[in-house]
Structure formats: C-alpha cells, structure tokens
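Taking our numbering, the leading residue of the sequence shown gets 28, the next gets one more, and so forth. Every residue, glycine too, gets a C-beta built ideally from N, C-alpha and C.
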Amino acid sequence: MVENGSLKRQRKTPNDPARFVNKIAATEEGEKAKNHYYLDQNKIAGEEMYDGFYAGI
Numbered sequence: 028m029v030e031n032g033s034l035k036r037q038r039k040t041p042n043d044p045a046r047f048v049n050k051i052a053a054t055e056e057g058e059k060a061k062n063h064y065y066l067d068q069n070k071i072a073g074e075e076m077y078d079g080f081y082a083g084i
C-alpha cells in the first residue's frame, strides 16, 4: 500500500491494515507537495500492547 500509494478510503473492517498507513501532502516548509504515504510506527507500537490479549480466553 505504501509503495503503490493505493490507500483505500473505504475501510471495511477495523482490522484493515490501511489504518496504519498515513499520508503527508505538504513539505516541511508548508508548501503543497506530492502525496507521500508512510507507516505510522506510533499506531503500530500502540496496538502491539494488545497482541495476544484475548488468546487465553
């Protein structure tokens, strides 16, 4: 998704991996720029806390 820039607007499930992909459309100076997609490492780290949480239930 990040390499192709094919981020879907309609997310069908809460487990869709696209929730970890963000978009930047401006340069550091605030000028309009081409869309850049990247993985949001903070969201990934936040959800890692719950990995295996319900595995024992």
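Rounded to the nearest whole angstrom, the CA to CA distance from residue 58 to residue 50 is 15 Å. In this structure, DSSP gives residue 31 a state outside helix and strand, which the three-state scheme calls coil.
In the structure shown, residue 42 falls within a coil segment according to DSSP collapsed to helix, strand and coil. Taken atom to atom, the span from the alpha-carbon of residue 77 to that of residue 31 is near 29 Å.
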